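Protein chains in written order, with the working numbering: chain G, 1410 to 1686; chain S, 48 to 379.
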């Protein structure tokens, strides 16, 4: 592993958000069916299809199936760019009621405003629900995908206000209170398989279902990760380091998916002279 | 018996169908097929003194642009929401302000997931009082229920075990029949047979749940199209009470096959809310135009760019069935 100085040097080559998107995209296998979420979680499958896994089928909750990733990045799961080259159209009920509840997705991507150590998600309100400090978008299809999806990746920025001990509002189910509690509740899906942040990847302990640190991004330190986690984060005995984004992945991210740097911040945070998209 | 030829002008439709304390559902997804021009017309008719509305109940259908206009103008009392925002184009600051700061007034909110909301509409469309669901078994979605119409709080999901023996836990959720559903469509015939292009979202279910249904359509097509491709009618005329022709009626949301969402305009709108200039937005983009042509003038050359949509091949097979304005006058 590189020393702390070397790690921060890496952030002149790519941003931590780019690292998060690339790392999340690695959960996609070729020839698989991917449920695509809203916001940043739109990007991993767009990246994967343009780089490593061209033969995936993307499903969007609006009812778009098989839209291949070409042209500009979509603004949402209902954007016209996705409607231009789909293989089938259906509706919300089919995407969330039929496909999600019947194990039709190999992997799903969900965003979160808060996540707890059992992978339960809040995307509704910060503060009291009845008079919230911050009102967020709400469930959308996230509750349904989390209930039914066999395997889902949660994407969230790593800080104490987001990886929390207790959620302000329980929008979407992870492993409830750990152990077998999710199974006992009878939810059809297997639950979350990873929390991918801009600093690290957390995966659930097979027995307790508590999320532990299993992969450190090359640009972050263990201390940083622990300081920015709202619970006492356990570390896996087999801690690994994730691979940095490849030049091709960075090129696709910057030239096709986020040309302005609005989402990954690459234009602002990298040294001007080093930007060679 | 079904009345044929349901074409109405936009202002007539708003005056005829909109009532205070009514529950209204706008179909469409956050960036797609929102009947925004109908929301504009509610505000315009209210300002002209032709319509008295002060406490509308927005009965779901992802809170996007149209809902935000009504919330920002202070005529929404409560709403069912699944999703508030414009996805990657930003949060919905008008609705956020109303919930967080009570500006211009505090709106009561009931949260649903996309699936639980769709199931409520399915129950409504089947005339069922409730329906079982796996979504809603866990979590805080059932913190607050607002009984529509009337917006009184009620006990929301009720959890029961499958009485047929599997023992599986399900949530019972109430059916929903919005008083008025407004659909935006690329094309419909004068009787209301409606064609949607691209993903259906929940527009089909909402049209079946609504007690009354208005289709705001960018184009009116000849009925030959229905007779030639009856398979492609998403909403049959039986479920439609009025057809309102208006071009670019979803703007600034998109209409697959016809035009892209206008992201710069959505950001401008959000900016106006952040800077407390929402009233100026209304003056510029809601109260400013006289008629449909004037409305298109207001959007201006931007329309040209939006209609160069990658999704236009979806519309290609149908263009020859579009009725010209003159032919429309004959049918109307």
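Note that CB positions come from ideal geometry on N, CA and C, so glycine has one too.
As the structure is a computational prediction, the values presented were derived from the model and not from experiment.
Exposure label - residue i; buried when at least 16 CB within 10 Å
{"i": "residue 1677 of chain G", "result": "exposed"}
{"i": "residue 1675 of chain G", "result": "buried"}
{"i": "residue 337 of chain S", "result": "exposed"}
{"i": "residue 1652 of chain G", "result": "exposed"}
{"i": "residue 135 of chain S", "result": "buried"}
{"i": "residue 1671 of chain G", "result": "exposed"}
{"i": "residue 1507 of chain G", "result": "exposed"}
{"i": "residue 180 of chain S", "result": "buried"}
{"i": "residue 174 of chain S", "result": "exposed"}
{"i": "residue 1427 of chain G", "result": "buried"}
{"i": "residue 374 of chain S", "result": "exposed"}
{"i": "residue 1632 of chain G", "result": "exposed"}
{"i": "residue 206 of chain S", "result": "exposed"}
{"i": "residue 1673 of chain G", "result": "buried"}
{"i": "residue 351 of chain S", "result": "exposed"}
{"i": "residue 380 of chain S", "result": "A query on residue 380 of chain S cannot be resolved here, the shown segment of chain S reaching from 48 to 379 and no further."}
{"i": "residue 157 of chain S", "result": "buried"}
{"i": "residue 233 of chain S", "result": "buried"}
{"i": "residue 204 of chain S", "result": "buried"}
{"i": "residue 1578 of chain G", "result": "buried"}
Per DSSP, cross-strand counterpart(s) of residue i
{"i": "residue 306 of chain S", "result": "S/302"}
{"i": "residue 1517 of chain G", "result": "G/1444 and G/1561"}
{"i": "residue 206 of chain S", "result": "S/218"}
{"i": "residue 292 of chain S", "result": "S/264"}
{"i": "residue 232 of chain S", "result": "S/264"}
{"i": "residue 1588 of chain G", "result": "Paired residue(s): none; residue 1588 of chain G is not in a bridge."}
{"i": "residue 1612 of chain G", "result": "G/1621"}
{"i": "residue 179 of chain S", "result": "S/219"}
{"i": "residue 126 of chain S", "result": "S/105 and S/156"}
{"i": "residue 1638 of chain G", "result": "Paired residue(s): none; residue 1638 of chain G is not in a bridge."}
{"i": "residue 392 of chain S", "result": "With chain S covering 48 to 379 only, the question about residue 392 of chain S has no answer from this structure."}
{"i": "residue 1500 of chain G", "result": "S/248"}
{"i": "residue 348 of chain S", "result": "Partner(s): none; residue 348 of chain S has no beta bridge."}
{"i": "residue 276 of chain S", "result": "The partner list for residue 276 of chain S (beta bridge, DSSP) is empty, contrary to what the question assumes."}
Whole-angstrom C-beta distance between residue j and residue i, which should lie under 8 angstroms
{"i": "residue 235 of chain S", "j": "residue 290 of chain S", "result": "5 angstroms"}
{"i": "residue 1503 of chain G", "j": "residue 1472 of chain G", "result": "6 angstroms"}
{"i": "residue 1527 of chain G", "j": "residue 1563 of chain G", "result": "Rounded, the Cβ-Cβ distance is 11 angstroms, inconsistent with contact."}
{"i": "residue 1429 of chain G", "j": "residue 1606 of chain G", "result": "6 angstroms"}
{"i": "residue 226 of chain S", "j": "residue 127 of chain S", "result": "Actually they do not touch by this definition, with Cβ atoms about 13 angstroms apart."}
{"i": "residue 224 of chain S", "j": "residue 304 of chain S", "result": "So it is not a contact: roughly 29 angstroms between Cβ atoms."}
{"i": "residue 111 of chain S", "j": "residue 133 of chain S", "result": "7 angstroms"}
{"i": "residue 1444 of chain G", "j": "residue 1468 of chain G", "result": "5 angstroms"}
Neighbourhood of residue i by C-beta, 6 angstroms cutoff - its chain only, sequence neighbours within 5 removed
{"i": "residue 230 of chain S", "result": "74, 250, 254 and 262"}
{"i": "residue 1612 of chain G", "result": "1603 and 1623"}
{"i": "residue 1575 of chain G", "result": "none"}
{"i": "residue 1625 of chain G", "result": "1609 and 1650"}
{"i": "residue 1684 of chain G", "result": "In this prediction, residue 1684 of chain G scores a pLDDT of 43, lower than 50, which makes its location untrustworthy; the coordinate-derived value is nonetheless stated afterwards. Hits under 6 angstroms: none found."}
{"i": "residue 150 of chain S", "result": "144"}
{"i": "residue 1458 of chain G", "result": "1465 and 1478"}
{"i": "residue 90 of chain S", "result": "120 and 333"}
{"i": "residue 213 of chain S", "result": "none"}
{"i": "residue 258 of chain S", "result": "224 and 226"}
Residue-chain proximity (residue i, chain C), Cβ-Cβ < 8 angstroms
{"i": "residue 1492 of chain G", "result": "No chain C appears in this structure, whose protein chains are G and S."}
Chain-order list of residues whose beta-carbon lies under 7 angstroms from that of residue i (same chain, five-residue window excluded)
{"i": "residue 273 of chain S", "result": "236, 240 and 280"}
{"i": "residue 141 of chain S", "result": "115, 118, 119, 320 and 325"}
{"i": "residue 129 of chain S", "result": "107, 109, 159, 160, 161 and 164"}
{"i": "residue 346 of chain S", "result": "295 and 298"}
{"i": "residue 1362 of chain G", "result": "Residue numbering for chain G in the displayed model covers 1410 to 1686; residue 1362 of chain G lies beyond these limits and cannot be assessed."}
{"i": "residue 94 of chain S", "result": "334"}
{"i": "residue 343 of chain S", "result": "294, 295 and 350"}
{"i": "residue 88 of chain S", "result": "57, 58 and 61"}
{"i": "residue 1618 of chain G", "result": "1527, 1584, 1587 and 1588"}
{"i": "residue 309 of chain S", "result": "298, 299, 349 and 353"}
Sequence-distant residues of the same chain with beta carbon closer than 8 angstroms to residue i, five excluded per side
{"i": "residue 1548 of chain G", "result": "1532, 1533, 1580 and 1581"}
{"i": "residue 1621 of chain G", "result": "1611, 1612, 1613, 1614, 1642, 1643, 1644 and 1645"}
Task: the segment 351-363 of chain S / the segment 115-131 of chain S touching (three or more Cβ pairs under 8 angstroms) - done: no
Open item on the list: Taking contact to mean 3 or more Cβ pairs, one atom from each stretch, closer than 8 angstroms, check whether the segment 1538-1545 of chain G and the segment 137-154 of chain S are in contact.
Closed with: yes
TODO: For the segment 268-275 of chain S and the segment 313-329 of chain S, state whether three or more C-beta atom pairs, one from each stretch, are separated by less than 8 angstroms.
DONE: no
TODO: Answer yes if the segment 1498-1518 of chain G comes into contact with the segment 1575-1594 of chain G, meaning at least three C-beta pairs across the two stretches below 8 angstroms, and no otherwise.
DONE: no
Task: Three or more C-beta pairs below 8 angstroms linking the segment 1453-1463 of chain G and the segment 1431-1439 of chain G - done: Result yes; three or more Cβ-Cβ pairs closer than 8 angstroms.
- [ ] Pair every Cβ in the segment 69-83 of chain S with every Cβ in the segment 1472-1489 of chain G, then say whether three or more of these pairs are closer than 8 angstroms.
- [x] A contact exists between the segment 69-83 of chain S and the segment 1472-1489 of chain G.
TODO: Say whether the segment 1636-1654 of chain G touches the segment 1563-1572 of chain G, bearing in mind that this needs 3 or more beta-carbon pairs closer than 8 angstroms, one atom from each stretch.
DONE: yes
- [ ] Could you tell me whether the segment 1420-1427 of chain G touches the segment 1487-1503 of chain G, where touching means 3 or more Cβ pairs closer than 8 angstroms?
- [x] no
Open item on the list: Across the segment 51-63 of chain S and the segment 155-174 of chain S, are there enough close Cβ pairs to call them in contact, namely three or more that are closer than 8 angstroms?
Closed with: no
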